[in-house]
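Single-structure report; data block below.
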Amino acid sequence: MANRNQPIQDLREWIEDVDKLGELVRVTKPVDRDEEMGAIAYLLGKQHPSPTVLFENPNGFDDNNPIGAKLLWNLVGPSIKRIAITLEEPADTQTIELITKVKGKMANRIPPEEISADDAPIYANTLSGADVDLDLLPIPTHWPMDGGRYGGTGDCVITRDPENGYLNVGTYRMMQHSKTEVGLHLSPGKDARLHIERSWEQGKSVPVAAAWGVDPLFMLVGSQGFPKNISEYEYIGGLKGQAVPVVKAKNSDLLIPANADLVIEGVIEPQATRAEGPFGEFTGYYGAPVRQAPLVKVTDIHFRDNPILTNALMADYPSCEQSGFFAIIRSAKIWDDLDKLGVPGIAGIYAHPASAGGYGLTVISMEQRYAGHASQVLSLAAQVPGGAFFTKWIVAVDEDVDPTSIDEVLWALGSRSNPSDDIDILRNTWSTPLDPSQGDPKLRPYGSKALINACKNHKHMEHFPKRTVLRKEIYESVAAKWEDLELPGDVPNVIAFHKDAPEE
Ligand SMILES: Cc1cc2nc3c(=O)[nH]c(=O)nc-3n(C[C@H](O)[C@H](O)[C@H](O)COP(=O)(O)O)c2cc1C
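Numbering that gives the first Met the number 0 applies: residue 0 is where the sequence shown begins, and numbers increase by one.
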């Protein structure tokens, strides 16, 4: 939090800070890990404020359990305050400011720092070989029709690219198959899937490590589309302002987060798969039907004393774990991608949290500087690495429209767009078998995108009617005497003001 003199070092410090914000609930009474915890997380997700919940006593896991894990749910959820502190910004940072700051920090990559095994808290306890038993962990079932229990949902999975050697840190779910096996679900085109496919082509097995209890910043970064030749560890370090401490895994050359609460290590043998799923997804529907997914044989479980497992419920808005933070970090990533391409005039970007977990609708506000500028921004925002996956609706508005305000965006759509001219469609774009709209699961990896220009028509800019906006001096004088006039509530924020026509 703002008063710390160093960034959050681990999940435990993160929980302390959330507690200081008044957004932590500890449940000490027994709660069932099958559906009951998921139900509580779903319901808490709908509250304002919506707290993080720590289940300290999972039903059926008594004091004799050698691991003694607790479960954390609704990690950052819809709380902008928790999202801000996770990103090492003050809790009261407002949405667009937070997006802008995160974008700025994405430029500062800091490589991870390897520490010795003796100094790594994650190696406090290890179960290896015949002692590996995932049934010792209260791995939960999230939804009634889930295909199994899912560990590692608010997690990060580490794999190494067999060609360029860089470490990928990705957020992917893992379904428990047995005491020693989990499935790894990977959408087409995702980095770990590319690593596995390429290794299998070479007849090689694939080492995997997964942090199932970890500072939520790993999930925030691990779930974004970063370049395939730079490790997410560097972006996590950049956002933290400090190198991530990592330590060599016991059975491979992977580097794992040294301060994590619980890490599993394992190996995927060539062509080893098993039926996995379905799982209640970010769309608010069950995803693809049962499918084959890479099978991980777990060789080790490393954990700190009384580890805390981080769980991410996928659901409709606002109970979907990813919605709130996608609105910040996905927006920042798309903006950063456009900046890197040198596209001028971007005033703000917002991946709306209510639309398919922040994947569905991206709004870009921009200052139109030349003919065709809005069309260029729409096509690029639709296809840059940070924005290409899934997104169906990409809308451009002028800079006098706040992209975070759905009311203002709808006003722009209603008053500035002309559907017969202003909608373009991209077809056969990058999507996922989780998209319910495509019907046949075989078709689902292909999506489409509508590019909607809701900016003032550039061809008729001179004749475009003047908007009814307040004079700035009047707004300020009214705001100054708001209380005196005994008007209710806070003065609403306004970003567009009247400009007198330049004198002849
Ligand atoms: C909580 C959570 C769980 C996720 N689970 C999966 C998953 O099981 N499989 C998958 O392919 N993507 C999953 N995603 C989306 C990926 O994290 C996202 O596409 C990310 O870009 C993947 O990393 P990569 O680009 O390094 O492959 C999940 C995202 C979140 C926030």
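Glycine included, C-beta positions come from ideal geometry on N, C-alpha and C.
So what does DSSP say about residue i, is it helix, strand or coil?
i	result
ALA1	Note that ALA1 scores a pLDDT of 46, beneath 50, so its modelled location is shaky; the value from the coordinates is reported in the next line. Note: ALA1 maps to coil in three-state DSSP.
LYS465	coil
PHE302	strand
MET365	strand
GLN291	strand
PHE496	coil
GLU525	Absent from the model: residue 525. The displayed extent of the chain is 0 to 503, so no value can be given.
ASP423	strand
LYS332	helix
GLY240	coil
GLY221	helix
LYS100	helix
ILE229	coil
TYR234	helix
LEU261	strand
LEU486	coil
LEU563	Absent from the structure is residue 563, since the part of the chain shown begins at 0 and ends at 503.
Specify, as a first and last residue, the run of the beta strand (DSSP E) that residue i falls within.
i	result
PRO244	244-247
GLU180	180-183
TRP142	Premise fails: TRP142 is in no beta strand (DSSP E) and is neither H nor E.
LYS69	69-72
GLY212	205-212
ILE255	254-256
LEU308	307-309
Given a cut-off of 7 Å, decide if residue j and residue i are closer than it, judged by their beta-carbon atoms.
i	j	result
SER318	TYR41	yes
VAL262	LEU254	no
SER127	ASP299	yes
ASN453	SER416	Note on identity: in this sequence residue 453 is Ala, with Asn being the wrong assignment. Cβ distance < 7 Å, so ALA453 and SER416 count as in contact.
LEU23	VAL30	no
LYS178	ASP130	no
LEU43	ILE307	no
SER322	PRO277	no
GLY237	ARG108	yes
PRO137	PHE225	no
ALA479	VAL490	no
ALA292	GLY182	yes
PHE324	LEU219	yes
ILE333	ALA380	yes
TYR285	MET173	no
ALA242	GLU112	yes
Taking only heavy atoms of ligand 1 into account, decide whether any of them is closer than 6 Å to the Cβ of residue i.
i	result
HIS351	no
TYR284	no
GLY279	no
SER222	yes
TYR171	yes
ALA326	no
ASP335	no
HIS184	yes
ASP315	no
LYS465	no
ASN107	no
ASN167	yes
THR152	yes
LYS189	yes
GLN505	Any property of residue 505 remains undetermined from this structure, which presents the chain solely from 0 to 503.
ALA129	no
ALA311	yes
Over what stretch of residues does the alpha helix (DSSP H) that includes residue i continue unbroken?
i	result
ARG199	The sequence given here has Trp at residue 199, not Arg. Run containing TRP199: 190-200, per the alpha helix (DSSP H) assignment.
ARG415	405-415
GLN375	372-382
VAL342	Unbroken run through VAL342: none, as it is neither H nor E.
ALA83	79-85
ILE66	Unbroken run through ILE66: none, as it is neither H nor E.
VAL396	Note, VAL396: premise wrong, no alpha helix (DSSP H); beta strand (DSSP E) at 392-397.
GLY323	320-324
Would you say residue i lies against chain B (beta-carbon separation less than 7 Å)?
i	result
ASP214	The question asks about chain B, but that chain is absent: this structure has only one protein chain.
* Every unbroken beta strand (DSSP E) inside the stretch 425-484 [3 residues or more] -> You should have 445-452.
* Along the chain, which unbroken stretches of the beta strand (DSSP E) at least 3 residues long are found entirely within the stretch 1-64? -> Counting only runs of at least 3 residues, the stretch 1-64 fully encloses the following beta strand (DSSP E) elements, listed from N- to C-terminal order: 23-26 and 51-54.
* **Completely contained beta strand (DSSP E) runs for the stretch 113-179, where each covers 3 or more residues** => Listed in chain order, the complete beta strand (DSSP E) runs (minimum 3 residues) inside the stretch 113-179 are 124-127, 155-159, 166-169 and 173-175.
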